[in-house]
Amino acid sequence: MLKKIILILFAIFFLIPYFWMGYLSFKPESLVVELIPTFGDLTLENYEYMFGVRHFARWLFNALYISVMGVILTITSASMGGYVLAKKKFPGGQFIFYAMLASMAIPGNTVLIPKFLMMKNLGLINTYPSMYIMCISGVFGIFLMKQAMKTIPNEIMESGQIDGANELQIFWYLILPMVKPVTIAIGLFTFVGVYGGYYWQMLMTRSEVMRTLPLAIEFFKGERQPKIQLTMAAAMLASLPLIIVFAMFYKYFIEGPTMGSIKG
Amino acid sequence: MMLSKRKIQNNIFCYLFIFPALAGFLLFTIYPFICSFVYSFHRYTFKEYTFIGLKNYIQLMDDPIFLKSFLVAFYFVIGCTPATIILTIIISSLIVKMGQRGKTFFMSVFYLPNVTSIVTITLVWRWIYDYNYGLASKVLNSFGYESVNWLSNKYTCLPALFIFGVSMSLGMPIILCVAAMLSIPKDYYEAAKIDGATNWQALWHITIPLIRPTILFLTITGVIGNFQVFMLIVLMTGGGPFYRTTTIAFLIAKEAFDYYRFGSASAMGIILLFVIAFFTIVQYKFFSKDIQY
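Here the protein sequences line up with chains Z and V, keeping their order.
Using the working numbering, you'd call the opening residue of the first sequence number 1 and step up by one each time.
Using the working numbering, you'd call the opening residue of the second sequence number 1001 and step up by one each time.
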């Protein structure tokens, strides 16, 4: 019982910022916020204001669009690459895998500058592809995919060959359905990562219309110095797609990182 | 030495399948990595691109802000990594005792920051730390103390960021730690109970030794991650007050995208790379002797 109470206390402490974000977003505008929450004067006016902000729908669309494109790229490259790395032998395969693993130690900010200059020289700044194209090289996804595909018995591929299926058919009809949970998990991690991304998106956007919602909100705060209640309504709206996705798929988020490695 | 037709077909198929991932890897990791090296030997701005040898590196060795930024990054490693690991072990050992629904619920709660855009969650924390209207000041006021300007006070700016940073980073470690704890056979605990061990003793003598590989993994990734703290600084303090929260990763971005000195920023990046590689190897050598069973 005591353990449960300690755990609940941890959780409450942890949820305080989220509670205040939600609570304040429904309060009428004022500078002073009382320490003890009162629920008599809750209102939707902050949300109405945010929906009225110019480009709001476009910002939301931008964020969702680049996230979906990023997910498609990551899943495609990770499932195809992970399959041949886990199940096939070909010259250089091992080397490619270990080079990818080792590259995870490269600090993000070390390669940030050349990546930025590359996008600039290619004239891709302020376009959608510049914000999601990098997802194609998701090493983490390839690693998870390889681990998961290793656990598939070789007999399954052999049975496909006996039935006269070609390599593509084996991959599409036999292998992919078996790694569905990992595929979903990788897709979700990518979605959350791209949607919530900030710095790269900031470097890649020049015009106001191209901003993603989280990015726009940070600028919104800086430019107009709105009251805290408006900022919180904006924060709520920006997190809403992520929270919906999480509520629908929380199982995959929580089991994803340990898939393939623990269970046989 | 003729390769059989089947083998050639197999290889073609494999290269076609690895192509998207490999092309992305070469284009967005290996090529920029080589570029960083090359840039670091140049004076590179929007106006000029001239070879200057090791001059960038030599200048950095005399730059107090650069040297201090490593120290600040090191503070983050010391301030966040042990706290994250201790909290992870405590919370995980409490979660393992819950029923299936309890496990899922609490793991979701601690995972929440990972699925909230960092921009939105920093908005809340900036308000919490606000001098005039923030929650942290209000709590102090209600106990009769004066408000503190958490993020611009030279004594509180780092601890305030540590608390925020640790609370942001517990999700994934808890998931991994709970999974590791669940894989420990139940008999061990039953045997310990028969011998009269307390819960703390069981945690210390059974659980922690058996999840050592996970703790090692969390330590290495924690050190690497905390040494590169970046987004927190961008969104919370902008490096201030007086460079007290300017970490090396933040300084690289500032040098490159505020001052457009790509050459010296790249040199900083290369130094950071070597420091992190060194840390990783040392930690691995230091710990890996313990985990051979």
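We treat Cβ as the ideally placed atom computed from N, Cα and C, and that holds for glycine.
Note that the coordinates shown come from a computational prediction; the quantities given were computed from them, not determined experimentally.
For the pair Z/Thr-74 and Z/Ile-243, the CB atoms are not nearer than the 8 Å cut-off. Fully contained in the segment 1121 to 1206 of chain V are the following alpha helix (DSSP H) runs of length 4 or more, in chain order: 1135 to 1142, 1157 to 1168, 1171 to 1182, 1186 to 1194 and 1199 to 1202.
In the DSSP secondary-structure assignment, V/Tyr-1044 is bridged to V/Tyr-1049.
For Z/Met-119, the enclosing alpha helix (DSSP H) has its first and last residue at 108 to 121.
Z/Glu-158: member of the alpha helix (DSSP H) spanning 154 to 162, first to last residue. Membership of Z/Lys-180 in the alpha helix (DSSP H) is indicated by the continuous run 180 to 196. Nearest to Z/Arg-58 by C-alpha distance, out of Z/Tyr-250, Z/Gln-229, Z/Ser-207 and Z/Ile-113, is Z/Ser-207.
Residue state for V/Arg-1006 is assigned as helix, using DSSP reduced to three classes. Shown here, Z/Tyr-98 sits in a helix according to DSSP, grouped into three states. A contact between stretches requires three or more CB pairs, one per stretch, nearer than 8 Å, and the segment 1209 to 1225 of chain V fails this requirement with the segment 1117 to 1136 of chain V. Among the residues facing chain Z, V/Asn-1149 is not included, as its CB has no counterpart in that chain under 8 Å away.
Secondary structure remark: continuous beta strand (DSSP E) runs of at least 3 residues inside the segment 1077 to 1112 of chain V: none found. Under the 10 Å beta carbon count, V/Thr-1246 is surrounded by 16 or more other beta carbons and is classified as buried. Counting only Cβ-Cβ distances below 8 Å, V/Gln-1228 has contacts in chain Z at Pro-107, Gly-108 and Asn-109, in chain order. DSSP places Z/Ile-5 in the helix class (H, G or I) of the three-state scheme. With fewer than three CB-CB distances shorter than 8 Å, the segment 1183 to 1196 of chain V does not count as touching the segment 1235 to 1249 of chain V. Going by DSSP, Z/Phe-39 is part of no alpha helix (DSSP H) at all; its letter is neither H nor E. In summary, Z/Ala-247 is exposed, with fewer than 16 beta-carbon neighbours lying within 10 Å of its beta-carbon over all protein chains present. Under the Cβ criterion of 8 Å, Z/Val-33 is counted among the residues facing chain V. Membership of Z/Ala-235 in the alpha helix (DSSP H) is indicated by the continuous run 228 to 255. Here V/Asn-1226 carries a helix assignment [DSSP, helix/strand/coil].
For Z/Tyr-47, the secondary structure class from DSSP, reduced to helix, strand or coil, is helix.
Residue state for V/Leu-1054 is assigned as coil, using DSSP reduced to three classes.
Per DSSP, reduced to three states, the secondary structure at Z/Leu-124 is coil, with no helix or strand assignment.
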